Structures are given as C-alpha cells and as structure tokens.
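In the working numbering, the protein residues as written are 17 to 157.
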C-alpha cells in the first residue's frame, strides 16, 4: 500500500506453489489489516513474486475501489505481466472505523500501517468473526 509521499508498506503471504502436480489451481488464504487516515485512498498493489523476489504479475488499484463501506464486498482481480493476464484472485474487503485504546501510541498522519491480529484487538476481533475455526496468525520474528 502506498500513500504518497510516504514510503510503501507491505504485508506478504506465506510462500505457495501456484499449481499442483495435476495442474489444478492452488488456494491461497491470506488476510491483511491496513490502517489509514479517514478519507485516504492509497494505491494498492497485489503481486505474485518468485522465491527470489522477482515480480511475476501485479494488480494495481486504489483501496476505495475494493472497500467502499463496512460491508464486505467480493472482487475478482486480474494480475498481469507484460503479456497480459497471468493470474487471478478473489479479494474480499471492507472499511471500518478504527477503535483506539487511550494508551495506544499515536500513529503518524498520512501513514499506511499493516496490523497483525495477534498484536491488535480490533484486527483480532475481525479475524475471529471471519475465521472462527482458525487460530490467530502471528507474524514471523
């Protein structure tokens, strides 16, 4: 996510193998929580990269195209390379007013920040609603 003039922030999924031996699609389940200023509309890039970090395909859009209200909406996105569509993915997104604890450190205005459910009560609450049978993800150290 990029909200100029600040540097981009990112959250990465676990590595995955795009095709199984039978050529079937793989399922990648990834969830990210992004905190931004009210009214901001950062650029979002969803990328597929190889193990060396080389980008193989990308979808570039704006956050408000994906999340326009507090109701989750589903989107089918195409990720492209120089030849055209290389991959597709389903994305569900929503916007929610931020809960803030009094003791929480101040966040820099204009910044994008990814949060992990294990480190943030609001993200953990939403995670438990979305994935009641999955443990909360903990970031790698």
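Think of the CB as a built atom: it goes at the ideal place given N, C-alpha and C, for glycine as much as any other residue.
Nothing here was measured: the structure is a model prediction, and the numbers come from that model.
Beta-carbon proximity of residue i to residue j, cut-off 8 angstroms
i: residue 96; j: residue 74; result: yes
i: residue 152; j: residue 137; result: no
i: residue 62; j: residue 79; result: no
i: residue 25; j: residue 105; result: no
i: residue 27; j: residue 48; result: yes
i: residue 72; j: residue 120; result: no
Rounded Cβ spacing between residue i and residue j (contact assumed at less than 8 angstroms)
i: residue 110; j: residue 83; result: 5 angstroms
i: residue 108; j: residue 89; result: 7 angstroms
i: residue 51; j: residue 146; result: No, residue 51 and residue 146 are not in contact; Cβ-Cβ is about 17 angstroms, not under 8 angstroms.
For residue i, three-class secondary structure by DSSP
i: residue 153; result: coil
i: residue 109; result: strand
i: residue 76; result: strand
i: residue 125; result: coil
i: residue 135; result: helix
i: residue 65; result: strand
i: residue 147; result: coil
i: residue 140; result: helix
Per DSSP, the bridge partner or partners of residue i
i: residue 94; result: 104
i: residue 82; result: None, per the DSSP bridge assignment.
i: residue 89; result: 109
i: residue 71; result: 65
i: residue 130; result: 50
Any non-hydrogen atom of the ligand PLP closer than 7 angstroms to residue i Cβ
i: residue 56; result: Because no ligand of any kind appears in the structure shown, any question about the ligand PLP cannot be addressed here.
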